[in-house]
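Trainee: These protein sequence lines are chains A and B, in that order.
Number 18 in my numbering belongs to position 18 of the first sequence; there are no gaps in the numbering.
Number 192 in my numbering belongs to position 10 of the second sequence; there are no gaps in the numbering.
Every residue gets a Cβ at the ideal spot worked out from N, C-alpha and C, and that includes glycine.
As the structure is a prediction and not an experimental result, all values here were calculated from the model.
2 protein chains.
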Amino acid sequence: MSLPYALLGFLNYIPMAGYDLKKILNDSIKFFWSAQTSQIYRELKALEHEGYIVSEVKPGEKGPDKRIYSITESGISHLKNWISEVHTNENIRNEFMVWLLFSSQIDSGELYVEMKKKLKEYQKEYQSLKFVENRIRDYLQRFRKEGEDFYWKIVLKRGLYDVEAKIKWAEDIISSLELKKS
Amino acid sequence: MSLPYALLGFLNYIPMAGYDLKKILNDSIKFFWSAQTSQIYRELKALEHEGYIVSEVKPGEKGPDKRIYSITESGISHLKNWISEVHTNENIRNEFMVWLLFSSQIDSGELYVEMKKKLKEYQKEYQSLKFVENRIRDYLQRFRKEGEDFYWKIVLKRGLYDVEAKIKWAEDIISSLELKKS
DNA sequence: ACGACCATGTAACATGTTACATGATTAC
DNA sequence: GTAATCATGTAACATGTTACATGGTCGT
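(1) Please decide whether B:H231 counts as near chain A, where near means a Cβ-Cβ distance under 8 Å.
(2) Considering Cα atoms alone, identify which of A:E148, A:Y19, A:I83, A:R93 is closest to A:I68.
(3) Got a sec? Which residues, its chain only, sit under 8 Å from A:I71 by beta carbon, not counting five neighbours each side?
(4) Taking CB distances under 8 Å as the criterion, tell me whether B:Y187 reaches chain A.
(5) Helix, strand or coil for A:I92? Go by DSSP, reduced to three states.
(6) With DSSP as the reference, label B:M183 as helix, strand or coil.
(7) So, at 6 Å on beta carbons, what are the nonlocal neighbours of B:G341 in its own chain, with the 5 sequence-adjacent residues on each side left out?
(8) Can you find the residues in the same chain that come closer than 6 Å, C-beta to C-beta, to B:G329, ignoring five residues on each side of it along the sequence?
(9) Could you run through the stretch 157 to 171 of chain A and flag, in chain order, every residue whose CB is less than 7 Å away from some CB of chain B?
(10) Which residues in chain B have a C-beta closer than 8 Å to the C-beta of A:E125? List them in chain order.
(11) With A:K58 as the anchor, note down where its beta strand (DSSP E) starts and where it stops.
(12) Any idea what DSSP makes of B:I336, helix, strand or coil?
(13) Closer than 9 Å between beta carbons: that is the criterion. Which residues of the stretch 68 to 84 of chain A meet it against chain B?
(14) In whole angstroms, what is the alpha-carbon distance linking B:H269 and A:L111?
(15) Quick check on this structure: which residue in B:Q221, B:I206, B:Y304, B:F278 has the alpha carbon closest to the alpha carbon of A:L156?
(16) How long is the line joining the alpha carbons of B:S285 and A:S84, rounded to whole angstroms?
(17) Just the Cα atoms here: how many angstroms apart are A:S182 and A:K45?
(18) On a CA-only basis, which of B:I288, B:Q221, B:N208 is nearest B:M183? Give me that one, please.
(19) Of all Cβ atoms in chain A, is any one closer than 8 Å to the Cβ of B:R275?
(20) Looking only at its own chain, which residues have a Cβ that is under 7 Å from the Cβ of B:K348, when we skip the five neighbours before and after it?
(21) Could you check where the alpha helix (DSSP H) with B:I222 kicks off and where it finishes?
(22) Hey, does A:G9 have any beta-carbon neighbour from chain B nearer than 8 Å?
(23) Whole angstroms is fine: what's the gap from A:I76's alpha carbon to B:D344's?
(24) At a CB-CB cut-off below 8 Å, which residues of chain A make contact with B:M198?
(25) Along chain B, which residues have their Cβ under 7 Å away from the Cβ of A:G147?
(26) DSSP has A:S70 in a bridge; who is on the other side?
(27) Using the DSSP secondary-structure output, state which residues sit across from B:M198 in a beta bridge.
(28) Between which residues of its own chain and A:Y126 is the CB-CB distance below 8 Å, once the five residues before and five after are set aside?
(29) Which residues in chain A have a C-beta closer than 9 Å to the C-beta of B:Y365? List them in chain order.
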């Protein structure tokens, strides 16, 4: 699993609350790893139980209280230990492809509409990644981790290449469906 | 979840055993949806419990007995019902990207080696997809589903575009690491 | 007034992974 | 003889999703 290590990785930048972690995940690697808030809170509890992080409740300046988590020495070495092993798993669960495979019963007009929607979705994703690029620059400055720029860049590049492939694919399918019609 | 529908989809082609289903998954959409045999057997049991499939044990001609599953009328309508709704989920769990993001502590020589390995892996995947193309032609003929050719083709095309993007990315990173060194 | 955002969580359920058990046949 | 393939499963555990609960603040 990567979630606990992603959380430790971010907490190693700076202490923060579960809510902030959820946001930073969304603002950065949600294309590669996403999690529900409920899962994040559960993981944080587990990590604290293991002694990898500690928490303290801070009264909210505006709004509710926050439970701020900080990484411990033990957490840092646990994280470093995980990083020192190579993790190369790339897992895909593409329900859309399974659906497409068996979708011969739906009519090609409906498929056309769906592919148009998908293309828009992919284009939005592309825009979103471009924004991520800027947000990450901000984060790295704020956390004084400018040296890690390189790693963020290669991950982002992968995101961009992936989305570009999806866009090209959707465009291809759309034009082949248009040929079919005429 | 897609697994039960993928199983129903294949059993809608022709009755077969859990072992065969595992093979056909590997030979076709493993790049988009994979499953352990233990999970397949569990799902089959559940599907039979729901009445979507029925099974019968056939003595193995050579080797062990086989439990052959066939889709029922109820199963067919369950599958068609699922297909009639659009399923557009594309889920990624890319541990490799999480690892890369926080991998600044490992040295760039090691990263270089890993990226070379990855490139080879992606190239193998590309070859494997090319084989899938042929195997699928065989399957469709055997199951007399030549009309579904189009849907298989678009799914395969997506697989190819995705792998091409990965290869391009790996090559990029490798050459930027080479520049760094010199 | 009303929805969006802030903030933390619990409980139940669904899905996926790992380890293990069994035993025959085929290929080298 | 030994590894690979055929074939089916159980049990325990890990991870992910969905639904729900609570209650304050901010903008329009």
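Mentor: Answer, in terms of the structure:
(1) no
(2) A:Y19
(3) L8, L11, N12, P15, Y52, I53, L79
(4) yes
(5) strand
(6) coil
(7) F213, L311
(8) A distance below 6 Å between beta-carbons, with the five flanking residues on each side excluded, links B:G329 to no residue of its chain.
(9) Going along the stretch 157 to 171 of chain A in chain order, one finds K157, R158, Y161, D162, E164, A165, K168, W169 with a Cβ nearer than 7 Å to chain B.
(10) None at all; the shortest Cβ gap to chain B is about 10 Å.
(11) Going by DSSP, A:K58 is part of the beta strand (DSSP E) stretching over 53 to 58.
(12) In the three-state reduction of the DSSP assignment, B:I336 falls in the helix class.
(13) L79, K80, W82, I83, S84
(14) 11 Å
(15) B:F278
(16) The alpha-carbon atoms of B:S285 and A:S84 are separated by roughly 8 Å.
(17) Cα-Cα distance, rounded: 59 Å.
(18) B:Q221
(19) yes
(20) Taken in chain order, the residues that qualify are Y304.
(21) 219 to 232
(22) yes
(23) 35 Å
(24) Those within 8 Å of B:M198 in chain A number zero; the least Cβ separation is about 16 Å.
(25) Within chain B, the C-beta atoms nearer than 7 Å to that of A:G147 come from S286, in chain order.
(26) For A:S70, which the question treats as bridged, DSSP gives the partners A:V54.
(27) Answer is B:Y251.
(28) Correct list, in chain order: L160, V163, E164, I167.
(29) This structure cannot speak to residue 365 of chain B, because chain B is shown only from 183 to 364.
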